Amino acid sequence: MNRRLQHILAIPYYLWIVLFVVTPILLLIYRSFFGIDGSLTFGNYIEYFSSPYYMQMTFASFLSALLVTLITFLFAYPMAYFLTKTKRKDLWLMLIILPTWINLLLKIYAFIGLLSQTGPVVALIQRFGLGSPQLLFTNAAFILVAAYVELPFMMLPIFNSIDEIPNSIIEASLDLGSSEWVTLRRVIFPLSMRGVTSGVQAVFIPSLSLFMLTRLIGGNRVITLGTAVEQHFLVTQNWGMGATIGVVLLLLMVIVMRFTRPKEIGGSTHDA
């Protein structure tokens, strides 16, 4: 198949990219240069980068996304590693993927029932005589639920990377006297870095712009950049500032992808 025919067959893909990726981004950038009164201005960017409120919100969004990514990694890597050692890995993998088929809103309301003051978690704490803590509408609840939602997206690429490592390499490390821990740390983990970086991208980037979880689980006590975009577009009607925050989010996502992409040495991707 020659290159010209390949481009012809790819026309629907090109149209999709232009209509649903490039055009919305250009419209977002265009709208960010207009004030709430419809005048052309750079004031939105000046206000964003000079306002302590927006800087604090950006830092809080980064911190929340970092915590969610770290927690999912700490759970996902051991799960993925031991999953590659099981005999019926396909079955266990399906059980891990299964929650992603459930609507996000349903999962959120399930956690609301679990963490509410009349829910089973608080009832269990009360049974041990530890009082009646407020679990729902807290930062901890937001991080917990966000980590649960994002966990499969961290685990799957790590699982694929570990599963693709030839057993001969692992056996060679063990035969040379390395313990299983040393083999994991010095051989398996470096060779699975492609999956780790993919998982970080898949979790950290969406976590920067979460807003449904902040509303329903955080109870508006957790404010992120995604929440600010929603407020400016739907509440204050300041579309210019909402678009500006959206542009900042896009730039942050590009920066994250740039720093987490696999290194290339000699024209080829170096996984270790």
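First residue of the sequence shown? That's 5 in the numbering used here, and the numbers climb one at a time after it.
Even glycine gets a Cβ: it sits at the ideal position worked out from N, Cα and C.
These numbers come from a predicted model, not from an experiment.
Can you tell me whether residue i is buried or exposed? The criterion is at least 16 other CB atoms within 10 Å of its CB, across all chains shown.
{"i": "P137", "result": "exposed"}
{"i": "E154", "result": "buried"}
{"i": "F146", "result": "buried"}
{"i": "L256", "result": "buried"}
{"i": "H11", "result": "exposed"}
{"i": "G6", "result": "Rather than Gly, the amino acid found at residue 6 in this sequence is Asn. N6 should be labelled exposed."}
{"i": "I221", "result": "buried"}
{"i": "F53", "result": "exposed"}
{"i": "A247", "result": "buried"}
{"i": "L23", "result": "exposed"}
{"i": "P156", "result": "buried"}
{"i": "F46", "result": "exposed"}
{"i": "Q205", "result": "buried"}
Compare the beta carbon distance of residue i and residue j with 7 angstroms and say whether it is the shorter of the two.
{"i": "G192", "j": "Y81", "result": "For the sequence presented, residue 192 should be read as Ile rather than Gly. In this structure, Y81 does not lie closer than 7 angstroms to I192 by Cβ."}
{"i": "V251", "j": "I40", "result": "no"}
{"i": "L134", "j": "V125", "result": "no"}
{"i": "M245", "j": "G203", "result": "no"}
{"i": "S36", "j": "L212", "result": "no"}
{"i": "I29", "j": "Y85", "result": "no"}
{"i": "G223", "j": "F132", "result": "no"}
{"i": "F208", "j": "A114", "result": "no"}
{"i": "A151", "j": "V72", "result": "yes"}
{"i": "W96", "j": "L87", "result": "yes"}
{"i": "T264", "j": "T201", "result": "yes"}
If we ignore side chains and look at the alpha-carbon of each, how far apart do residue i and residue j end up?
{"i": "I249", "j": "M83", "result": "36 angstroms"}
{"i": "G199", "j": "L44", "result": "44 angstroms"}
{"i": "V26", "j": "Y18", "result": "10 angstroms"}
{"i": "I106", "j": "R8", "result": "42 angstroms"}
{"i": "F38", "j": "I75", "result": "39 angstroms"}
{"i": "I173", "j": "M197", "result": "16 angstroms"}
{"i": "L148", "j": "M261", "result": "24 angstroms"}
{"i": "P194", "j": "T90", "result": "22 angstroms"}
{"i": "L139", "j": "P16", "result": "48 angstroms"}
{"i": "L254", "j": "L214", "result": "14 angstroms"}
{"i": "A276", "j": "N164", "result": "Note that A276 has pLDDT 37, beneath the 50 cutoff, so the model's placement of it is unreliable and no number is given."}
{"i": "G42", "j": "L31", "result": "15 angstroms"}
{"i": "M216", "j": "A232", "result": "12 angstroms"}
{"i": "N48", "j": "E234", "result": "16 angstroms"}
{"i": "E168", "j": "L160", "result": "12 angstroms"}
{"i": "G270", "j": "P210", "result": "Residue confidence is low: G270 scores 42 on pLDDT, short of 50, so the model does not pin down where it sits. Its coordinate-derived value is still stated next. G270 and P210: Cα-Cα distance of roughly 32 angstroms."}
{"i": "E175", "j": "S183", "result": "11 angstroms"}
{"i": "F79", "j": "Q121", "result": "27 angstroms"}
Does the segment 175-188 come within contact of the segment 96-103, defined as at least 3 CB pairs closer than 8 angstroms? no
Those runs of the alpha helix (DSSP H) which lie wholly inside the segment 204-242 and span at least 4 residues: Counting whole runs of 4 or more residues, the segment 204-242 contains the alpha helix (DSSP H) stretches 216-220, 229-238.
Sequence ranges, alpha helix (DSSP H) only - wholly within the segment 101-135, length at least 4: Contiguous alpha helix (DSSP H) elements confined to the segment 101-135 occur at 108-119, 124-131, taking only those with 4 or more residues.
Count the C-beta pairs between the segment 176-184 and the segment 234-241 that are closer than 8 angstroms, then say yes if the count reaches three, no if not. no
Within the chosen definition, does the segment 52-62 reach the segment 213-231 through at least 3 CB pairs nearer than 8 angstroms? Touching, yes.
Any chance you could list the beta strand (DSSP E) runs of at least 3 consecutive residues sitting entirely within the segment 60-98, in chain order? Segments of the beta strand (DSSP E) lying fully in the segment 60-98: there are none.
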